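If you count the sequence shown from 1, you need to add 567 to reach my numbering.
What follows is a single structure, written as structure tokens, with notes after it.
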Amino acid sequence: MNGEEKTPYAAVTDFTADKSVEITTPHTGDVLKETILAEEAGKNLFIAVKITGLFKNVHIRIMPKQEKPYKRLVEVSQNQPEFRQEEVEGTLVGFFTPELFQGVAAAGFHLHFIDKSKTFGGHVIDFELANGIVESSRIESLVQHFPVNDSTFVDTEIDYANLAEEIQTAE
């Protein structure tokens, strides 16, 4: 990477865990998500998440590269390839966005996975952790940057009529 790469959206943080829990028995993704929310007492806060360990299974999808003219997210998401892997070591990272901020980001958990060898990864649909470390951190502030010098963004007419519904469908 040379610093010139672009992405339509990125959520980043300087991650320092507030909470860290060692998991020694299998836990589903849903159970771990509820545990994180309970530990952080944060249904109205942004929460950063990092889970490292051995995963019993990971189900991911990958958004295909787009070319102009760009399609809507909901349309592209219907044709994403999905992959599954079992007994895989790796790291899962992402964020929880409170319902209060739906629109700034998709409400709920948005997670990505990369395996230890960096050959398998993508947007997480489902997972089960065999054992590992679950870390989380409350996010105190939100900074949003906009492409103010990009005329394509600035001048584009965006149809907002079903935007929230489309984001939920795509997620």
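Here a beta-carbon is modelled for each residue, glycine too, at the ideal position from N, C-alpha and C.
Quick caveat: nothing in here was measured; it's all calculated off a predicted structure.
Look up residue i in the DSSP assignment and give the residues it is bridged to.
i      : result
His690 : Arg628, His679
Gln652 : Val625
Phe613 : Ile706
Ala672 : Gln669
Ser701 : Ser is not the amino acid found at residue 701; the sequence shown has Val there. Val701 pairs with Val588, Ile618.
Val660 : Lys617, His679
Glu695 : Thr595, Asn624
Indicate the three-state DSSP secondary structure (helix, strand or coil) for residue i in the structure shown.
i      : result
Gly604 : Residue identity check: residue 604 is Leu in the sequence provided, not Gly. Helix at Leu604.
Gly570 : coil
Thr736 : helix
Phe720 : helix
Glu642 : helix
Considering only C-alpha positions, which residue in the set the options is nearest to residue i?
i      : options                        : result
Tyr576 : Asn729, Phe713, Asp726, Glu666 : Phe713
Glu606 : Glu724, Asp585, Leu709         : Asp585
Val660 : Lys685, His690, Leu640, Val671 : His690
Ile618 : Arg639, Glu571, Ile681         : Ile681
Tyr637 : Thr719, Glu732, Tyr727, Leu604 : Thr719
Ala578 : Phe662, Lys685, Ala608         : Phe662
Val588 : Val671, Leu640, Ile603         : Ile603
Thr591 : Tyr727, Gln711, Val701, Thr723 : Val701
Lys744 : Asp717, Ala728, Lys573         : Because the chain spans 568 through 738 in this model, residue 744 falls outside it and cannot be assessed.
Val671 : Val643, Glu642, Lys635, Val710 : Val710
Glu724 : Lys600, Arg639, Asp581         : Arg639
Gln669 : Val641, His679, Ala608, Glu732 : Glu732
Worksheet item: Does the segment 613-630 come close enough to the segment 649-660 to have 3 or more Cβ pairs within less than 8 Å?
Response: yes
At least 3 beta-carbon pairs within less than 8 Å: the segment 692-705 vs the segment 599-615
yes
Would you say the segment 644-651 touches the segment 627-635, given that touching needs at least three Cβ pairs under 8 Å? yes
Q. Between the segment 669-684 and the segment 633-647, are three or more C-beta pairs nearer than 8 Å?
A. Result no; under three Cβ-Cβ pairs closer than 8 Å.
message: Would you call the segment 689-703 in contact with the segment 579-598, where contact means no fewer than 3 C-beta pairs closer than 8 Å?
response: yes
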